[in-house]
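Convert by adding 972 to the 1-based position in the sequence shown; the result is the number in this note's numbering.
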Amino acid sequence: MGKEKQAKHYQELTFLITAVLMLIILIAGVSWSLSFLLKRLNIVLNPNALEPPAVIQFNIKEFKKLDLIKIP
């Protein structure tokens, strides 16, 4: 009977440790998801956070001076 009681105790301890680890992983995942969503929501709702991309202008006169191809 002693070994059965010890095996049951080991099984309960393993279950408890597994449950605690899964709970920690679940809490970490939910907190990461919420922080990610809040950061993205803050970016979307704050109009000053997004800057328009820089417009790259092409200088056609300088390109013609390079004489790489003939432009009619």
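Cβ atoms here follow ideal geometry from the backbone N, Cα and C, with glycine treated the same way. Since the model is a prediction, treat every value here as computed from it, not as a measurement.
When DSSP states are grouped into helix, strand and coil, Ile1041 belongs to the coil group. Our two residues, Pro1019 and Phe1030, have alpha carbons roughly 29 Å apart in a direct line. When rounded, the separation of the alpha-carbon atoms in Ala1026 and Asp1039 is 28 Å.
Pairing Ile1032 with Glu1023, the inter-Cα distance amounts to about 27 Å.
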